[in-house]
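Chemist:
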Amino acid sequence: MTSNNNILEITHLEKNYQDTIDEIKAIEDFSFKVEKGKFISIVGPSGCGKSTLLSILAKLEDKSSGEITFNKDNIVLGYMLQKDSLFPWLTILDNCLLGLEIKGIKTEENISYVNHLLDSYGLTEFKDKYPSSLSGGMRQRVALIRTLAIHPDILLLDEPFSALDAMTRVALADDLYKMIKKEGKTVLMVTHDIAEAVSLSDIVIVLTKRPAKIKTIYEIEFEDRKTPFENRSKKEFNIYYEKIWRDLDVHI
Ligand code: ADP
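The sequence shown begins at 1103 in the numbering used here and counts up one residue at a time.
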């Protein structure tokens, strides 16, 4: 346990996969402290180890070595993937209640919180419909409500917008940002989209190509921080974008 404002401390994290022939090092010496309430994005080349990092934090995969310390007992983690993974045979409301059901905390209070979230995000009239009748953006919003329903302390978002078209993803990023800030959540988001990372985040961590190591950490400061969409037209936005682009050293 730590006594500061860091909700999560990662120290010298390493991950190696053993394939049939040799060992693949996915993460090397990754250390980072996550301050409560911050929105942190992790960007890096494709295949560098971003998803691996998130799934280790979500306790879905084991680390090879290093320390992961959550500064809270019984920490609740909300994990959301790029595919909304809604169940087609469940209504929107039942999909949203699924996490509560699994955790055995489907209380009146939690159900009413879900209804409140559905209402706030314009989905009340769809709550008895099935996922197939919703657009991609709406489904992703439902997936976020399902994730928020369990009152997570930390949200782990793995490319949450990448399955959407360009216009929907910008609009949904704005929505998601508002939801998350209103709920006061800490976020770790993996993305390959520099614009998304800069416009949404307090901090952007740039990773090297595999094995993922921290290359640079940017504290994103806008003179007048607005919504992610509006941040995109600020002068600071282009400066960060260019620096991160250079760090990533993309070759076609
Ligand atoms: P990213 O999310 O940055 O695109 P990933 O974290 O998915 O990258 O993968 C990082 C590396 O680890 C890749 O080279 C991938 O092939 C390898 N990897 C991921 N999962 C496994 C696994 N279960 N077994 C073996 N190698 C894996």
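We put the CB at the ideal spot given by N, CA and C, even for glycine.
#1: Whole alpha helix (DSSP H) runs in the segment 1226-1292 with 4 or more residues, listed along the chain?
#2: To the nearest angstrom, how far is it from the Cα of A1299 to the Cα of G1180?
#3: Give the range of the beta strand (DSSP E) segment to which S1143 is assigned.
#4: The ligand ADP and T1249: does the residue's C-beta get closer than 6 Å to at least one heavy atom of that ligand?
#5: Report the option in H1294, T1122, C1198 and S1167 whose CA atom is closest to the CA atom of Y1232.
#6: Quick test of your reading: I1296 and I1307, contact by CB under 8 Å. State the CB separation rounded to the nearest angstrom.
#7: Excluding sequence positions up to five away, which residues of its chain have a Cβ less than 7 Å from the Cβ of L1188?
#8: Does DSSP put K1337 in a helix, in a strand, or in coil?
#9: Find the nearest neighbour of E1111 within the set S1133, S1301 and D1230, judged by alpha-carbon distance.
#10: Whose CB is closer than 6 Å to a heavy atom of the ligand GTP? List the residues in chain order.
#11: Which one of E1344, M1281, L1350 and K1336 has the shortest CA to CA distance from A1314?
#12: Here's the rule I'm using: 16 or more other beta-carbon atoms within 10 Å means buried, otherwise exposed. How should P1262 be labelled?
#13: Roughly how many whole angstroms lie between the Cα atoms of Y1219 and T1270?
#14: Is the number of C-beta pairs between the segment 1322-1333 and the segment 1159-1166 that are closer than 8 Å three or more?
#15: My output table needs one value for A1128: the three-state DSSP class, helix, strand or coil.
#16: Would you kindly check if the distance between the Cβ of L1302 and the Cβ of M1182 is under 7 Å?
#17: Check this for me: beta carbons of L1290 and I1142, under 7 Å apart or not?
#18: Rounded to whole angstroms, what's the CA-CA distance from N1340 to R1334? Just pull it up for me.
#19: Between which residues of its own chain and T1249 is the CB-CB distance below 6 Å, once the five residues before and five after are set aside?
Modeler: Straight from the coordinates:
#1: 1238-1251 and 1268-1284
#2: 19 Å
#3: F1141 to V1145
#4: no
#5: C1198
#6: Not a contact, Cβ separation roughly 12 Å.
#7: N1197, P1233, R1241, V1244 and A1245
#8: helix
#9: S1133
#10: For the ligand GTP, the structure offers nothing, since it holds only the ligand ADP.
#11: L1350
#12: buried
#13: Going by the sequence as given, residue 1219 is Leu instead of Tyr. Roughly 20 Å separates the two Cα atoms.
#14: no
#15: strand
#16: no
#17: yes
#18: 8 Å
#19: G1180 and M1182
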